[in-house]
């Protein structure tokens, strides 16, 4: 009954997961392994992310300069010039905005708590059913912990404690260079892992994975950029302080599908709580409008139906990734999911 190719693959995956789980119970096995993965896996993931981002630029220059290495050098020069321009023209502004945000949260903790109490009292008075959820204590505990972390945060200490940060930063350009220069060789190496009779099916599978990852990464960056602009304009209209810093936070977090935009608006909500209920209401209106435009105009326009993932599936994948791997895991959750989905789909078709 369970002798088909698909079931053999399923058994293999299950066996690997069991081995990983059992190894995880042995500290002297997993501790060195986790350190190695923390140094190598992140550069590989970020390098792959940048590869799909920069590959169109490289391929644009290859037919013009007739040399792939020269096209890669031009691509790297464009990236360096872009980063330099951002730092030169906007670095001090961005730094001061973020610094002011941290200072604002540190100085206005008591006001935030008082405003939060007023809003919850309003809810308890007009929406009595919320009392059953102990909303006040839960929100106060959450925001108190968040603000304490912000007010006591030492940026230099945090960076100095990341002993592997320098290694990771140095590795990323080399990983990116290797992927850009030898992407066709990597493709052939992966293809060579499959038996001869599976070559045609495997080639089709790898091409589909490549197309989906390219479409997802490029479209997600465009969506995040547009959403950041929308939030910046909205924050300006309602008069929130530090609109640029808040919009940058919203732009970065919106790289996480579904939950990202909501997470990105939390700092703005904390600031709005220090002003008035009217500003909080205006903020929610801005969020609703931005979310509507992002979900119904921007995303369909740049992404189309290439991924074809139900929003509920996206939500579950993101939540599980955050629980298992934190925020960084959520950034890579959907690409990993779509790759696994394509692999399973092709293996089922092949087994059938």
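In our numbering, the protein residues as written are 755 to 1106.
In this text, a Cβ means the ideal position worked out from N, Cα and C, and glycines have one as well.
Mapping DSSP to helix, strand and coil, what is residue i?
{"i": "residue 924", "result": "helix"}
{"i": "residue 1019", "result": "coil"}
{"i": "residue 979", "result": "helix"}
{"i": "residue 939", "result": "helix"}
{"i": "residue 1012", "result": "coil"}
{"i": "residue 1100", "result": "helix"}
{"i": "residue 821", "result": "coil"}
{"i": "residue 994", "result": "coil"}
{"i": "residue 948", "result": "coil"}
{"i": "residue 1062", "result": "coil"}
{"i": "residue 829", "result": "helix"}
{"i": "residue 1028", "result": "coil"}
{"i": "residue 910", "result": "Its pLDDT being 45, under 50, residue 910 is placed unreliably by the model, and the measurement read from it follows with that caveat. Residue 910 falls in the helix class under three-state DSSP."}
Would you mind working out which of the options sits nearest residue i, comparing C-alpha positions?
{"i": "residue 1112", "options": "838, 988, 1014 and 851", "result": "Residue coverage of the chain in this structure runs from 755 to 1106, which leaves residue 1112 outside it and unanswerable."}
{"i": "residue 1075", "options": "926, 823, 1013 and 797", "result": "1013"}
{"i": "residue 806", "options": "970, 1031 and 942", "result": "970"}
{"i": "residue 1006", "options": "976, 994 and 827", "result": "976"}
{"i": "residue 799", "options": "810, 811 and 933", "result": "933"}
{"i": "residue 1025", "options": "826, 946, 857 and 814", "result": "857"}
{"i": "residue 855", "options": "1040, 938, 994 and 837", "result": "994"}
{"i": "residue 1093", "options": "941, 1073, 974 and 960", "result": "960"}
{"i": "residue 1067", "options": "1053, 1032, 1031 and 1087", "result": "1087"}
{"i": "residue 1018", "options": "838, 943 and 1038", "result": "1038"}
{"i": "residue 1044", "options": "957, 1004 and 832", "result": "1004"}
{"i": "residue 746", "options": "1027, 1016 and 832", "result": "One cannot answer for residue 746 here, as it falls past the ends of the chain, which runs 755 to 1106."}
{"i": "residue 1062", "options": "1089, 986, 833 and 828", "result": "1089"}
{"i": "residue 1029", "options": "810, 831, 992 and 833", "result": "992"}
{"i": "residue 986", "options": "944, 1040 and 974", "result": "1040"}
{"i": "residue 1056", "options": "1073, 974 and 1021", "result": "974"}
{"i": "residue 1108", "options": "840, 839, 841 and 809", "result": "Since the first and last residues shown for the chain are 755 and 1106, residue 1108 lies out of range."}
Can you name the start and end residues of the alpha helix (DSSP H) that residue i belongs to?
{"i": "residue 999", "result": "997 to 1007"}
{"i": "residue 1032", "result": "1031 to 1047"}
Among residues of its own chain, excluding the 5 on either side of residue i, which ones have a beta-carbon nearer than 8 Å to its beta-carbon?
{"i": "residue 847", "result": "998"}
{"i": "residue 823", "result": "935"}
{"i": "residue 1085", "result": "1009 and 1010"}
{"i": "residue 1052", "result": "976, 977, 980 and 981"}
{"i": "residue 793", "result": "918, 921, 922 and 925"}
{"i": "residue 1112", "result": "Not covered by the structure: residue 1112. The range shown for the chain is 755 to 1106."}
{"i": "residue 1098", "result": "none"}
{"i": "residue 1083", "result": "1075 and 1076"}
Here's a check: name, in chain order, each residue in its chain whose Cβ is nearer than 7 Å to the Cβ of residue i, leaving out the five neighbours to either side.
{"i": "residue 1065", "result": "1012"}
{"i": "residue 1069", "result": "1012"}
{"i": "residue 990", "result": "997"}
{"i": "residue 962", "result": "1096"}
Excluding the 5 residues preceding and the 5 following residue i in the sequence, name in chain order all residues of the same chain whose CB lies nearer than 6 Å to its CB.
{"i": "residue 922", "result": "796 and 797"}
{"i": "residue 825", "result": "812, 815, 816 and 819"}
{"i": "residue 1091", "result": "1071"}
{"i": "residue 953", "result": "none"}
Shorter than 9 Å from the beta carbon of residue i to some beta carbon of chain D?
{"i": "residue 987", "result": "In the structure shown, chain D cannot be found, because there is only a single protein chain."}
Cβ contact check for the segment 836 to 851 and the segment 992 to 1004: 3 or more pairs under 8 Å: yes
For the segment 976 to 990 against the segment 1034 to 1052, are there 3 or more C-beta pairs whose distance is under 8 Å? yes
Are at least three pairs of beta-carbons, each pair with one atom in the segment 834 to 846 and one in the segment 960 to 974, less than 8 Å apart? no
Across the segment 918 to 929 and the segment 793 to 810, are there enough close Cβ pairs to call them in contact, namely three or more that are closer than 8 Å? yes
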